[in-house]
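Enquirer: Chains as they are written, first to last, in numbering that gives the first Met the number 0: chain A, 0 to 178; chain B, 0 to 192.
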Amino acid sequence: MNQNILVTMALTFATTAVVSVGGIAAMIPEIHRQAVDVYGWMNDAEFATTFAISQIAPGPNILLMSLIGWRVAGFAGLAVATLSTVIPTSLIALAAHRAEQRLKRANWYAVTRRSLPPIVVGLIIASATVTGRAAITGYLGVAIALAVGLYVTLTRTNPLVPLFAAIAVGVIAGRLGYL
Amino acid sequence: MGEIEEALVSNDRDSDEIVTRWSLFTGFMLVGLFGFGGIGAAIYHVLVDRRRWLTPSEYTSLLGLGQVLPGANLINLATMVGDRFQGALGSALALIGLMSAPLVCLIALATLYDRFSDLPDVKSATIAAAAGAVGLTLGTGFKLARNILKSPPAIVFAAASFFAIGVLRFPMLAVIAVLAPLAVATEFWRQRS
Numbered sequence: 000m001n002q003n004i005l006v007t008m009a010l011t012f013a014t015t016a017v018v019s020v021g022g023i024a025a026m027i028p029e030i031h032r033q034a035v036d037v038y039g040w041m042n043d044a045e046f047a048t049t050f051a052i053s054q055i056a057p058g059p060n061i062l063l064m065s066l067i068g069w070r071v072a073g074f075a076g077l078a079v080a081t082l083s084t085v086i087p088t089s090l091i092a093l094a095a096h097r098a099e100q101r102l103k104r105a106n107w108y109a110v111t112r113r114s115l116p117p118i119v120v121g122l123i124i125a126s127a128t129v130t131g132r133a134a135i136t137g138y139l140g141v142a143i144a145l146a147v148g149l150y151v152t153l154t155r156t157n158p159l160v161p162l163f164a165a166i167a168v169g170v171i172a173g174r175l176g177y178l
Numbered sequence: 000m001g002e003i004e005e006a007l008v009s010n011d012r013d014s015d016e017i018v019t020r021w022s023l024f025t026g027f028m029l030v031g032l033f034g035f036g037g038i039g040a041a042i043y044h045v046l047v048d049r050r051r052w053l054t055p056s057e058y059t060s061l062l063g064l065g066q067v068l069p070g071a072n073l074i075n076l077a078t079m080v081g082d083r084f085q086g087a088l089g090s091a092l093a094l095i096g097l098m099s100a101p102l103v104c105l106i107a108l109a110t111l112y113d114r115f116s117d118l119p120d121v122k123s124a125t126i127a128a129a130a131g132a133v134g135l136t137l138g139t140g141f142k143l144a145r146n147i148l149k150s151p152p153a154i155v156f157a158a159a160s161f162f163a164i165g166v167l168r169f170p171m172l173a174v175i176a177v178l179a180p181l182a183v184a185t186e187f188w189r190q191r192s
């Protein structure tokens, strides 16, 4: 049973990572769909806290997959989730790096590079709405998300600054009974 | 932090051309430790400013390649930097260095959360952090949208991928399989005319 989960998770994360364009943020809706809707590894609320913790921790945002693995199957899950997300895509990166000079001269490469970013923008905004529906329950949450979103759009500071401001607002609101 | 940092940084400073395997490991470990809230800035700081393994334009070029490839761009970047100096083994060391400290922090945070999640303050902090994390993603999306969505086809493809994934909740594989070839074909057609 447990081993089955690990195999399923490895296949799910590896395939999702390999077909993802635009990095991890673009993968989040698919990961949510698999973890919550398809396999039922966690519910919406658990996904939301897992996502929040992975954002607060330092490091690359594939930590979301690592933490899902940890939640589902402890250390084995952590290892399987992390490795299955990292290894296949790193092998592709290795091959691409070695072919870089040839790639740069190829017209199809330049065209592909120009044409995919708009799709990525759509995926990332979809990430926000999908995680938003899982994570946000009240008006205060909506206000916090919009305020942080606006702040990130308009400034170039470390994203932890608005995140910790949001946490402070949350704790104060909680103490005052608004949350 | 200060002393560890000094020890890590002072390591192979005398040799400019050869970046050793140990140095790749410690350099990327430093990136992981610095990476609170945005590892992109930390990678630039360590690789370009502190250790001078890459010039700013080399960094931009590798990051650009890392962004078109599938997977996390900074994982891809670490893979390529490792490969550049020490081959595939260098890539592995760079990745292990990059991931080890964040993974330890992650598990520590998750364990702390599990222990204290019943406290009212922790509950409200988590609700707010989750909403804030959504805001971070939203802001990243808006920032990119402002820079990238400058032509009608770009807006159409962004809207289509948002609608298919965010509203209809279609599987990503299917959506990419349909939209990516269409976007590439459109771009070829625009280039011709």
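Glycine included, every Cβ here is placed at the ideal spot set by N, Cα and C.
Nothing here was measured: the structure is a model prediction, and the numbers come from that model.
Can you check whether the C-beta of residue 6 of chain B is within less than 8 Å of a C-beta belonging to chain A?
Expert: The predicted position of residue 6 of chain B is uncertain, since its pLDDT is 42 and thus under 50; no value can be drawn from it.
Enquirer: Taking residue 146 of chain A as the query, report the chain B residues whose CB atoms sit under 8 Å from its CB, ordered along the chain.
Expert: Result: 134.
Enquirer: Would you say residue 71 of chain B and residue 59 of chain A are within 8 Å of each other, going by their C-beta atoms?
Expert: Yes, they are a contact pair.
Enquirer: State the DSSP-derived secondary structure class of residue 43 of chain B, mapped to helix, strand or coil.
Expert: Here residue 43 of chain B sits in helix by DSSP.
Enquirer: Tell me whether residue 51 of chain B sits in a helix, a strand or coil according to DSSP, three-state version.
Expert: DSSP places residue 51 of chain B in coil when its eight states are reduced to three.
Enquirer: Output, in chain order, the set of chain A residues within a Cβ distance shorter than 7 Å of residue 55 of chain B.
Expert: Near residue 55 of chain B there are no residues of chain A at all, since even the closest Cβ is about 16 Å away, more than 7 Å.
Enquirer: Whose Cβ in chain A lies nearer than 8 Å to the Cβ of residue 190 of chain B?
Expert: The answer, in chain order, is 110.
Enquirer: Between residue 7 of chain A and chain B, is there a C-beta pair that is closer than 8 Å?
Expert: Answer no: the Cβ-Cβ gap between residue 7 of chain A and chain B never drops below 8 Å.
Enquirer: Taking a Cβ distance cut-off of 8 Å, strictly less, list which residues of the segment 95-110 of chain B are near chain A, in chain order.
Expert: Hits within the stretch, in order: 97, 98, 100, 101, 102, 104, 105, 106, 108, 109.
Enquirer: Return yes when the Cβ of residue 151 of chain A is within less than 8 Å of the Cβ of residue 135 of chain B, no when it is not.
Expert: Yes, the pair counts as a contact, with Cβ atoms nearer than the cut-off.
Enquirer: If you measure from the beta carbon of residue 125 of chain B to each beta carbon in chain A, is any gap under 8 Å?
Expert: With 8 Å as the cut-off, residue 125 of chain B counts as an interface residue toward chain A.
Enquirer: Among the candidates A:120, A:169, A:123, whose CA atom is the shortest distance from the CA of residue 141 of chain A?
Expert: Taking only the C-alpha atoms, the option nearest residue 141 of chain A is A:169.
Enquirer: Could you work out which residue in A:29, A:51, A:21 is closest to residue 133 of chain B when comparing CA atoms only?
Expert: The shortest Cα separation from residue 133 of chain B among A:29, A:51, A:21 belongs to A:51.
Enquirer: Please report how far the alpha carbon of residue 66 of chain A lies from the alpha carbon of residue 58 of chain B, in whole angstroms.
Expert: Rounded to whole angstroms, residue 66 of chain A to residue 58 of chain B spans 29 Å at the Cα level.
Enquirer: Report the CB separation of residue 179 of chain B from residue 118 of chain A in whole angstroms; it is logged as a contact under 8 Å.
Expert: Contact flag correct, Cβ pair sits at about 7 Å.
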